[in-house]
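Protein chains in written order, with our numbering: chain S, 8 to 372; chain B, 8 to 372.
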């Protein structure tokens with residue numbers, strides 16, 4: 008599988024179908040477009056899925072996990088082993104994303120894109136169990152390497168690894184979509200990963216590192232200053248080319264961020280909507296958009312993160328976040344929560360009667 | 008049942024329980040309060056339900072329906088018979104609120120608080136059917152009168168009818184809560200009812216009618232000017248006393264708005280959260296708040312309506328709307344959609360493991 012082939016196969020959403028959907032909305036038994044953005048959502052899903060009978064019943068959250076060499080520079084409030092520990096918690100079903108995925112009826116698949124810990128035993132045990140149960144909370148190992156290299160002193164990964172990470176995300180998501188999943192959400196886990204996400208955001212959007220940098224999982228002033236400096240140093244040392252997304256990913260990125268870009272490309276290729284989570288996921292979305300602008304037609308911005316630079320990324324993609332609850336967890340939590348809103352838009356489109364069907368009087372002339 | 012007895016029995020939410028809930032949140036396996044407002048929601052439900060094991064599994068939307076004498080002044084884009092036609096559509100399950108209530112797993116109860124059409128046959132037929140099925144989309148007749156009187160020339164109803172409407176709403180909701188419902192949403196239907204809601208909003212919040220008045224279901228400039236003048240004329244003709252909510256309700260209100268106030272008082276009395284829908288429901292919430300300030304502890308503002316005056320009402324109640332999708336339908340649609348968010352807050356509180364349970368390393372010292 009070549010990345011160029013994937014990208015060539017992606018088509019824009021169907022504008023003609025969206026217009027037909029808009030015409031249907033105008034007949035629903037309510038004042039004209041009285042449910043505002045819910046109508047736009049339903050119509051976008053029609054354009055994405057090429058149908059006037061859109062469906063998002065079958066849902067999956069894909070959590071891409073990876074570790075980061077830059078974590079050793081003291082840019083995070085948590086030790087690096089937490090990445091592997093949280094992956095175990097996802098598989099066990101005890102994290103925030105598990106609660107929200109259960110609520111919306113989404114399966115959870117965790118992908119080890121390159122964490123330091125070895126979880127192959129857990130993955131094997133889980134495969135055995137998956138044969139017996141519904142396969143909720145699955146773990147898949149696609150380890151590109153045991154964490155990226157410290158990008159303050161050189162590239163985070165090779166260009167080959169960058170492409171490999173995008174293709175791994177693509178293949179995982181393609182497999183899920185081929186099994187009939189109709190709506191994807193992206194998620195991430197990786198101690199230190201707000202640093203590569205900030206670097207990608209700064210390079211791709213052109214905003215200064217200081218404006219893009221936030222507090223991540225909650226760092227103090229000293230750590231914050233160190234984080235800013237480390238990111239600036241990394242960009243200066245690597246000189247990533249903004250117009251070449253694989254170059255940006257290889258120099259200042261992360262394996263899970265490449266994986267997220269691949270998941271989004273799969274949604275676009277298979278014509279299924281993808282709900283983007285917060286800061287880290289949106290860094291992946293920036294790369295997917297840079298590789299293939301049509302892929303952005305398939306994205307919904309799940310929520311506005313409190314992470315400072317998120318707003319600039321969202322603006323760059325010309326998306327509008329659906330929710331704003333001052334969340335900053337990652338894992339896919341904002342995207343999973345926003346799946347309810349996507350489903351609401353689809354249900355309004357599909358389930359509400361027309362004026363004619365309901366026999367209700369229309370507006371006075 | 009006397010209204011004063013109901014009000015005397017309402018206690019504030021349990022602040023001590025909310026503090027204990029806050030302590031539990033700080034142990035969840037995620038950065039400190041990383042899910043922002045979702046934590047506040049879960050903790051508020053703990054304080055409302057007096058438990059560290061909150062539950063909102065069982066949900067109901069109560070749609071209060073009524074007609075309005077002022078509709079004959081040409082303040083709405085729709086003819087008055089639409090109120091009854093829409094009630095039929097609710098019972099049939101084909102309206103916007105039905106789609107959203109089905110999605111969140113809420114039952115729908117429609118209450119004829121005073122519509123012009125006679126739907127007693129439908130209610131009887133529905134009672135027979137309800138014996139055979141799950142009882143979704145029930146219709147109950149509590150008709151105070153066949154529509155209010157035109158409040159531009161005198162009071163909309165008597166003071167006795169005002170009290171009767173609040174108590175009817177209270178009793179309906181109390182019955183639902185006694186059957187085990189744990190989370191309520193308010194809804195409304197009534198052609199012309201943005202006019203009484205605007206009048207109530209202007210009188211209670213002290214904002215000018217011109218600032219409070221919006222376009223309702225979508226009126227043109229001429230209708231808008233007529234609507235503003237009619238509301239101003241009604242307030243001038245009746246001189247409602249802002250500090251006496253039953254006086255305000257009787258002079259410029261509506262039966263369904265009184266009913267909504269009663270539903271909210273029942274939630275407060277039975278210590279269950281109530282999600283308030285948009286403009287009309289929030290007018291009912293203003294009355295409930297004026298009758299019993301502690302009742303506001305039990306309210307969640309479901310969404311921000313595009314109806315102009317809604318923001319002023321919400322500010323008066325010191326609530327923050329959960330969602331903003333430029334909706335302006337009523338029926339309870341914004342409240343039903345927001346039930347997902349309340350449930351998410353509760354699930355995060357209940358289902359996420361603590362750091363200790365998950366065996367995950369805490370922040371570096």
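Ideal Cβ positions, reconstructed from N, Cα and C, are used throughout, including at glycine.
As the structure is a prediction and not an experimental result, all values here were calculated from the model.
Could you check whether the Cβ of residue i sits closer than 8 Å to any Cβ belonging to chain B?
{"i": "residue 365(S)", "result": "yes"}
{"i": "residue 141(S)", "result": "Summary for residue 141(S): the model assigns pLDDT 44, below 50, so the residue's position carries little reliability, and this model does not support an answer."}
{"i": "residue 177(S)", "result": "no"}
{"i": "residue 110(S)", "result": "yes"}
{"i": "residue 360(S)", "result": "yes"}
{"i": "residue 38(S)", "result": "yes"}
{"i": "residue 189(S)", "result": "no"}
{"i": "residue 309(S)", "result": "no"}
Under 8 Å between the Cβ atoms of residue i and residue j?
{"i": "residue 260(S)", "j": "residue 163(S)", "result": "yes"}
{"i": "residue 340(S)", "j": "residue 254(S)", "result": "no"}
{"i": "residue 342(B)", "j": "residue 194(B)", "result": "yes"}
{"i": "residue 278(B)", "j": "residue 198(B)", "result": "no"}
{"i": "residue 332(S)", "j": "residue 44(B)", "result": "yes"}
{"i": "residue 98(B)", "j": "residue 47(B)", "result": "no"}
{"i": "residue 157(B)", "j": "residue 76(B)", "result": "yes"}
{"i": "residue 60(S)", "j": "residue 29(S)", "result": "no"}
{"i": "residue 174(S)", "j": "residue 103(B)", "result": "no"}
{"i": "residue 152(S)", "j": "residue 182(S)", "result": "no"}
{"i": "residue 115(S)", "j": "residue 105(S)", "result": "yes"}
{"i": "residue 256(S)", "j": "residue 294(S)", "result": "yes"}
Consider the Cβ of residue i: report whether some Cβ of chain C lies at a distance smaller than 8 Å.
{"i": "residue 368(S)", "result": "Included in the structure are the protein chains S and B, with no chain C among them."}
What distance in whole Å lies between the Cβ atoms of residue j and residue i, which are believed to be in contact at a cut-off of 8 Å?
{"i": "residue 112(B)", "j": "residue 208(B)", "result": "Rounded, the Cβ-Cβ distance is 32 Å, inconsistent with contact."}
{"i": "residue 65(S)", "j": "residue 189(S)", "result": "5 Å"}
{"i": "residue 362(B)", "j": "residue 34(B)", "result": "6 Å"}
{"i": "residue 92(B)", "j": "residue 366(S)", "result": "7 Å"}
State the start and end residues of the unbroken beta strand (DSSP E) segment that holds residue i.
{"i": "residue 319(B)", "result": "Taken as a continuous stretch (DSSP letters only), residue 319(B) belongs to no beta strand (DSSP E), being part of the alpha helix (DSSP H) at 317-323."}
{"i": "residue 66(B)", "result": "66-73"}
{"i": "residue 308(S)", "result": "306-308"}
{"i": "residue 145(S)", "result": "145-148"}
{"i": "residue 121(B)", "result": "113-121"}
Is any beta-carbon of chain S found at less than 8 Å from that of residue i?
{"i": "residue 232(B)", "result": "no"}
{"i": "residue 85(B)", "result": "yes"}
{"i": "residue 32(B)", "result": "no"}
{"i": "residue 249(B)", "result": "no"}
{"i": "residue 204(B)", "result": "no"}
{"i": "residue 335(B)", "result": "yes"}
{"i": "residue 147(B)", "result": "no"}
{"i": "residue 101(B)", "result": "yes"}
{"i": "residue 347(B)", "result": "yes"}
{"i": "residue 269(B)", "result": "no"}
{"i": "residue 287(B)", "result": "no"}
{"i": "residue 155(B)", "result": "no"}
{"i": "residue 192(B)", "result": "no"}
How long is the line joining the alpha carbons of residue i and residue j, rounded to whole angstroms?
{"i": "residue 138(S)", "j": "residue 108(S)", "result": "Low confidence applies to residue 138(S): its pLDDT is 48, below 50, so where it sits in the model is not reliable, and the reading given next is rough at best. The straight-line gap from Cα to Cα measures roughly 21 Å."}
{"i": "residue 297(B)", "j": "residue 251(B)", "result": "8 Å"}
{"i": "residue 142(B)", "j": "residue 70(B)", "result": "Any reading at residue 142(B) must be qualified, since the residue scores a pLDDT of 49, below 50, and its modelled position is unreliable; the value itself is stated next. If I take the Cα positions, the gap works out to 15 Å."}
{"i": "residue 214(S)", "j": "residue 206(B)", "result": "48 Å"}
{"i": "residue 327(S)", "j": "residue 306(S)", "result": "10 Å"}
{"i": "residue 13(B)", "j": "residue 85(B)", "result": "37 Å"}
{"i": "residue 432(B)", "j": "residue 310(S)", "result": "Only positions 8 to 372 of chain B appear in this structure, which leaves residue 432(B) out of reach."}
{"i": "residue 346(S)", "j": "residue 220(B)", "result": "34 Å"}
{"i": "residue 241(S)", "j": "residue 160(S)", "result": "7 Å"}
{"i": "residue 237(B)", "j": "residue 291(B)", "result": "20 Å"}
{"i": "residue 23(S)", "j": "residue 62(B)", "result": "45 Å"}
{"i": "residue 128(B)", "j": "residue 55(B)", "result": "39 Å"}
{"i": "residue 68(S)", "j": "residue 275(S)", "result": "16 Å"}
{"i": "residue 148(S)", "j": "residue 96(S)", "result": "16 Å"}
{"i": "residue 281(S)", "j": "residue 272(S)", "result": "9 Å"}
{"i": "residue 140(S)", "j": "residue 336(S)", "result": "Note that residue 140(S) scores 41 on pLDDT, short of 50, meaning its location in the model is unreliable and no value can be drawn from it."}
{"i": "residue 177(S)", "j": "residue 124(B)", "result": "58 Å"}
{"i": "residue 338(S)", "j": "residue 196(S)", "result": "6 Å"}
{"i": "residue 358(B)", "j": "residue 350(S)", "result": "23 Å"}
{"i": "residue 227(S)", "j": "residue 231(B)", "result": "53 Å"}
{"i": "residue 10(B)", "j": "residue 89(B)", "result": "32 Å"}
Please list the terminal residues of the continuous alpha helix (DSSP H) segment that includes residue i.
{"i": "residue 326(S)", "result": "It is not in any alpha helix (DSSP H) - residue 326(S) carries neither H nor E in the DSSP assignment."}
{"i": "residue 173(B)", "result": "166-185"}
For a test of your reading of the model: does the CB of residue i fall under 7 Å from any non-hydrogen atom of the ligand ADP? Yes or no.
{"i": "residue 186(S)", "result": "For the structure depicted, the ligand ADP is absent and the ligand set is empty, with no information on it obtainable."}
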